[in-house]
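Novice: Take 566 as the starting number for the sequence shown in my numbering and just add one per residue.
Every residue gets a Cβ at the ideal spot worked out from N, C-alpha and C, and that includes glycine.
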Amino acid sequence: MTREEMEPYHRKLVALLRRLRHDTSAITQEALRTAGGEASGSLSNAPLHPADLGTDNFEQELSLGLLENQQQLLEQTLAALERINGGTYGRCQECDAEIAGERLQAVPYTPHCLRCATQLQAAGGEGRLPGNL
């Protein structure tokens, strides 16, 4: 893939990176907020009812899960930008085949062609395929 062919993907990845950083910041604030307290109308930081405590715990766990997902996407996006800079973007990291343009449009940060991604998912992980050690 030439530099000119990579440019639209570069722009898409940079836009995604900006959005992810903004979203990650918002989710971090939500995940780290304290439960109860004056902001919720209570006079203390301790929920008064067990159901309130359960709801607060659920919301915090949900925010932390979302934050983890956002962080993974952020890392994958940064890695894709590094591959663009290194000239390896658009090539599968497993089999070195060219990744289909349709796949790159849908998942611009993907490091794998569809065949290898499917095999990796079936194998249960993000590591290398057994034959490519």
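Take the Cβ of Gln635 as the centre, count every other Cβ of all protein chains shown within 10 Å, and call the residue buried at 16 or more, exposed below.
Specialist: Classification of Gln635: buried, given that the 10 Å Cβ count is 16 or more.
Novice: Looking at the structure shown, is Gly602 part of a helix, part of a strand, or coil, going by DSSP?
Specialist: Confidence in Gly602 is poor, its pLDDT being 46 and thus under 50, which makes the residue's placement unreliable; the coordinate value appears in the next sentence. Three-state DSSP puts Gly602 in coil, outside helix and strand.
Novice: Classify His677 as buried or exposed, calling it buried when 16 or more other Cβ atoms lie within 10 Å of its own Cβ.
Specialist: The residue is buried, with at least 16 neighbouring Cβ atoms inside 10 Å.
Novice: So does the segment 669-689 actually touch the segment 572-592, counting three or more Cβ pairs closer than 8 Å?
Specialist: They touch, by the three-pair rule.
Novice: With DSSP as the reference, please indicate the residues paired to Arg656 in a beta bridge.
Specialist: DSSP lists Glu663 as partners of Arg656.
Novice: How many Å lie between Thr567 and Cys660 at the Cα?
Specialist: Using only the alpha carbons, I get a separation of about 19 Å.
Novice: If you check the beta carbons only, do Leu639 and Thr589 fall under 8 Å apart?
Specialist: Yes, these two residues count as a Cβ contact at 8 Å.
Novice: How would you call Ala688, buried or exposed, if buried means at least 16 neighbouring beta carbons within 10 angstroms?
Specialist: Counting Cβ neighbours within 10 Å, Ala688 comes out exposed, since fewer than 16 surround it.
Novice: CA-CA distance, Gln686 and Gly652?
Specialist: Straight-line Cα distance between these residues: approximately 26 Å.
Novice: Go through its chain and collect everything with a Cβ distance to Leu631's Cβ below 6 Å, but skip five positions before and after it.
Specialist: Cβ neighbours of Leu631 beyond the five flanking positions: Ile592.
Novice: Closer than 7 Å by C-beta to Gln641: which residues in its own chain qualify, once you throw out the five before and the five after it? Chain order, please.
Specialist: The residues are Tyr674.
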